[in-house]
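In our numbering, the protein residues as written are 19 to 767.
Listed below in structure tokens is the structure:
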């Protein structure tokens with residue numbers, strides 16, 4: 019027996035079974051009316067009560083739309099490609115064609131049609147093939163709804179089982195639907211839910227997929243072809259089976275003519291012509307199809323699931339509208355700047371993240387990769403959010419913030435030897451297998467030994483900041499400050515937990531040797547730009563249901579509320595830090611490292627960073643409106659990227675931010691707080707602290723203090739004088755390397 023014959027026999031058997039069930043239904047369901055009006059009314063109520071929630075929703079869920087902040091589409095999330103439309107958005111000829119071929123007595127029955135089932139059986143047996151369906155459209159709607167909303171294999175099997183029990187339940191629900199909704203509502207729901215092949219669920223998706231038109235604009239030949247698909251959407255679809263599609267379309271046209279709904283001339287003109295299709299593309303689905311910001315999309319989906327608690331079913335079947343924080347202009351500017359500097363798919367990765375201070379809104383995420391595809395330039399690892407490589411001296415800001423909070427002003431002056439040997443912190447030397455003082459030097463020989471904290475921060479002096487860590491006495495204040503500002507240390511693959519850094523008292527913390535999330539880095543600096551207010555990074559502005567209402571959580575409250583923000587440091591500390599870091603970018607400060615990021619007319623606070631082997635370099639720049647981090651690194655080796663933090667990263671920052679800032683009014687940072695600035699961020703104090711080589715304290719006491727020493731810090735020239743290699747990275751081997759040796763209480767591995 020051929021496949022077609024076998025399929026026909028199977029379908030005819032199903033129709034015969036339906037007749038048997040219909041007889042049982044007719045006998046059982048007539049009882050209420052035989053028993054009188056009161057019994058009929060009671061039975062009607064019981065049928066309505068039996069409606070599952072899936073059948074009480076008039077509109078089936080469509081795709082979940084993910085929008086940028088300006089309302090433009092980023093992508094969709096969906097399991098089924100469906101775009102529900104209202105009745106007046108469906109061509110009348112489409113409704114007529116479907117009713118004629120599937121359920122010509124649709125407007126006469128109450129959900130069950132024994133007469134129509136018998137007629138279909140006789141006609142199909144005579145034709146030797148299935149030309150007309152046996153179930154009513156209402157029954158088909160019940161079955162399709164239960165099938166498509168099933169959440170378990172058992173539910174799906176029950177919805178499709180060829181059993182008398184399933185048919186009885188389906189019939190009862192069909193009667194209940196007819197008692198609840200109008201014929202037009204039922205027909206519209208059916209057209210919005212039924213499968214038309216080629217991944218298209220519902221008439222709008224089908225019209226777009228096969229003809230690139232809207233459902234309201236379908237013509238008679240198009241409507242007839244689509245109506246013929248619902249019984250066999252695989253064998254009769256016109257893209258791969260045009261001959262089958264023509265035969266089935268003509269059957270629909272013949273039925274419409276037999277019922278008097280089209281003329282003989284229309285039938286004769288259309289029948290000989292092949293089916294003409296103009297295939298449209300399926301809507302984008304998932305972050306791999308994102309029109310912009312693929313890595314932002316990935317971060318958003320993870321946020322929706324992990325932070326807001328949405329399920330995969332809600333995202334792929336819920337028909338939600340998710341409005342995100344993405345600014346397309348900033349995303350495009352970031353993409354261009356990154357790709358102009360680091361080639362698409364290069365071994366070196368370039369990342370640019372932007373956060374809005376004071377709100378935590380993530381505005382852009384650019385990476386020199388395409389998201390999720392299989393080509394060489396593609397990547398599924400989200401380098402824009404996960405910690406991979408270190409960000410170098412950007413961590414000096416955390417040490418400076420801790421020092422300000424501990425009472426050391428921005429004018430605090432230290433004279434540190436070159437290289438500087440710590441009086442507090444120790445390290446293990448794997449060559450000598452001995453534990454000794456932790457020491458560090460600067461890159462180049464042009465660094466003054468005597469600096470204020472402000473000068474040391476914008477010059478990125480390693481020796482000063484190790485001495486400043488000595489002044490703090492332990493690393494915990496700096497680590498806790500970083501956490502408060504927004505840094506996390508919980509990614510075990512590339513990060514050391516904060517408590518372990520504290521327990522081991524690691525002085526290398528100031529030099530950013532562990533893996534860093536570019537997003538965390540942007541957020542920590544955004545906290546400072548927002549005058550000490552830390553906000554949780556969020557990519558979502560709102561989530562609404564298909565009916566336009568806010569999506570509610572289990573507690574009955576909208577899942578998207580006010581973003582969590584908290585004052586974590588004194589505004590005066592943040593203001594002072596911003597004024598200190600402005601000098602890293604504003605031209606005219608000797609040995610500054612971030613001048614390449616300068617945009618005329620705007621105050622930009624910034625900090626550069628470079629790790630030992632220069633396999634990772636970074637720049638973070640902020641204005642009161644924006645905080646953006648840039649990292650350029652080698653994710654899978656330690657090869658030199660050919661730049662310092664003040665080079666490629668600062669250049670990317672400027673190129674990406676210039677078109678944004680030049681169209682906005684400049685907003686200055688508040689002035690430094692005198693309580694934390696000392697004599698001002700530009701002034702030198704009268705009594706600097708000098709750490710002597712012979713100091714023996716390991717407790718953090720500042721031994722060797724000379725109260726009468728009035729050596730001023732170096733003068734700054736009027737014009738910028740930048741070294742060939744800005745001093746941003748420690749020249750000693752990276753601290754934090756696991757040597758396997760036991761570590762004393764004050765030793766860094």
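Just so you know, even glycine gets a beta-carbon here, dropped at the ideal spot from N, CA and C.
Quantities reported herein were computed from a predicted structural model and do not represent experimental measurements.
9 Å Cβ cutoff met for residue i and residue j
i           : j           : result
residue 317 : residue 308 : no
residue 659 : residue 596 : no
residue 666 : residue 295 : no
residue 561 : residue 238 : no
residue 533 : residue 513 : yes
residue 552 : residue 585 : yes
residue 458 : residue 492 : no
residue 685 : residue 618 : no
residue 674 : residue 646 : yes
residue 341 : residue 635 : no
residue 345 : residue 88  : yes
residue 638 : residue 412 : yes
residue 556 : residue 372 : no
residue 348 : residue 388 : no
residue 221 : residue 108 : yes
residue 277 : residue 289 : no
Which residues DSSP lists as bridging residue i, in chain order
i           : result
residue 384 : 370
residue 633 : Bridge partners of residue 633: none, in fact.
residue 379 : 556
residue 624 : 639
residue 389 : 397
residue 804 : Outside the displayed span of the chain (19 to 767) sits residue 804, for which this structure offers no information.
residue 647 : 371, 638
residue 219 : 100, 213
residue 561 : 340
residue 568 : 562
Beta-carbon proximity list for residue i, same chain, < 6 Å, skipping 5 on both sides
i           : result
residue 248 : 212
residue 506 : 538
residue 500 : 416
residue 549 : 589, 592
residue 328 : 322
residue 719 : Unreliable positioning characterises residue 719 in this predicted model, as indicated by a pLDDT of 31, which lies under 50. A coordinate reading is not provided.
residue 353 : 384
residue 648 : 370, 637, 667, 670, 671
Close-in-space but distant-in-sequence residues of the same chain around residue i (CB under 8 Å, 5 per side omitted)
i           : result
residue 632 : 658, 659, 660, 661, 662, 747
residue 407 : 512, 533, 534, 629, 633, 634, 649, 651, 652, 653
residue 776 : Outside the shown range of the chain, which is 19 to 767, sits residue 776, and nothing can be said about it.
Where the alpha helix (DSSP H) through residue i begins and ends
i           : result
residue 694 : 692-695
residue 315 : 312-324
residue 575 : Premise fails: residue 575 is in no alpha helix (DSSP H) and is neither H nor E.
residue 252 : Premise fails: residue 252 is in no alpha helix (DSSP H) and is neither H nor E.
residue 672 : 666-679
residue 198 : 182-198
residue 497 : 494-503
residue 616 : Run containing residue 616: none; DSSP gives neither H nor E here.
residue 267 : 260-276
residue 594 : 589-603
residue 812 : For the chain, the structure presents residues 19 to 767; residue 812 sits outside this window and is missing.
residue 349 : 346-359
residue 541 : 536-547
residue 362 : Unbroken run through residue 362: none, as it is neither H nor E.
residue 286 : 282-288
Residue i: first and last residue of the uninterrupted beta strand (DSSP E) it sits in
i           : result
residue 10  : Outside the displayed range of the chain (19 to 767) lies residue 10, so it cannot be described from this structure.
residue 95  : 91-95
residue 340 : 339-342
residue 84  : 82-85
Any C-beta of chain D under 9 Å from that of residue i
i           : result
residue 629 : Judged by its chain identifiers, the structure shown contains no chain D, having just a single protein chain.
Spatial neighbours of residue i in its chain, beta-carbon cut-off 7 Å, leaving aside the 5 residues before and after
i           : result
residue 390 : 305, 306, 312, 396, 398
residue 162 : 211, 212
residue 243 : 256, 263, 267, 293
residue 377 : 553, 581
residue 434 : 467, 481, 482, 485, 709
4-residue-minimum alpha helix (DSSP H) runs that sit fully inside the segment 419-488, ordered along the chain: 471-477
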